[in-house]
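In the numbering used here, the protein residues as written are 55 to 164.
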């Protein structure tokens with residue numbers, strides 16, 4: 055998926071195309087996953103060792119079909135997990151997400 059952004063620059067306009075993708079989390083994103091600036095607001099504790107975080111990503115996050123990463127230009131921006139409900143609410147679910155600290159307070163992806 056590509057998104058076109060119009061940005062005014064002086065008298066002319068610049069049109070920029072960004073690629074937005076949805077993909078599984080990768081082991082290379084372990085440092086982002088351990089960012090305590092983000093996880094202090096979450097329900098889980100920050101991983102204190104890279105080995106713990108890598109094990110979580112390897113054995114839970116990667117095999118989990120409903121855990122995905124939203125990327126802009128292949129740079130992970132949001133991690134999200136969809137948890138389905140049960141019983142009469144089976145057609146519903148809960149969406150949890152975590153926005154990477156690098157994108158807090160920004161309106162665009164510069």
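Every residue gets a Cβ at the ideal spot worked out from N, C-alpha and C, and that includes glycine.
Less than 8 Å separating the beta-carbons of residue i and residue j?
i           : j           : result
residue 111 : residue 81  : yes
residue 76  : residue 126 : no
residue 86  : residue 154 : yes
residue 151 : residue 132 : yes
residue 104 : residue 84  : yes
What does the Cβ neighbour count give for residue i, buried or exposed, with the cut at 16 atoms within 10 Å?
i           : result
residue 101 : buried
residue 116 : exposed
residue 146 : exposed
residue 107 : buried
Three-state secondary structure (DSSP) at residue i?
i           : result
residue 82  : helix
residue 116 : coil
residue 130 : strand
residue 22  : A query on residue 22 cannot be resolved here, the shown segment of the chain reaching from 55 to 164 and no further.
Got a sec: is the Cβ-Cβ distance from residue i to anything in chain B below 8 Å?
i          : result
residue 98 : Note that chain B does not occur in the displayed structure, where there is just one protein chain.
At the level of alpha carbons, what is the spacing between residue i and residue j?
i           : j           : result
residue 95  : residue 129 : 22 Å
residue 134 : residue 74  : 15 Å
residue 114 : residue 142 : 27 Å
residue 160 : residue 93  : 19 Å
Could you spell out where the alpha helix (DSSP H) holding residue i opens and where it closes?
i           : result
residue 151 : Taken as a continuous stretch (DSSP letters only), residue 151 belongs to no alpha helix (DSSP H), being part of the beta strand (DSSP E) at 147 to 153.
residue 108 : 104 to 110
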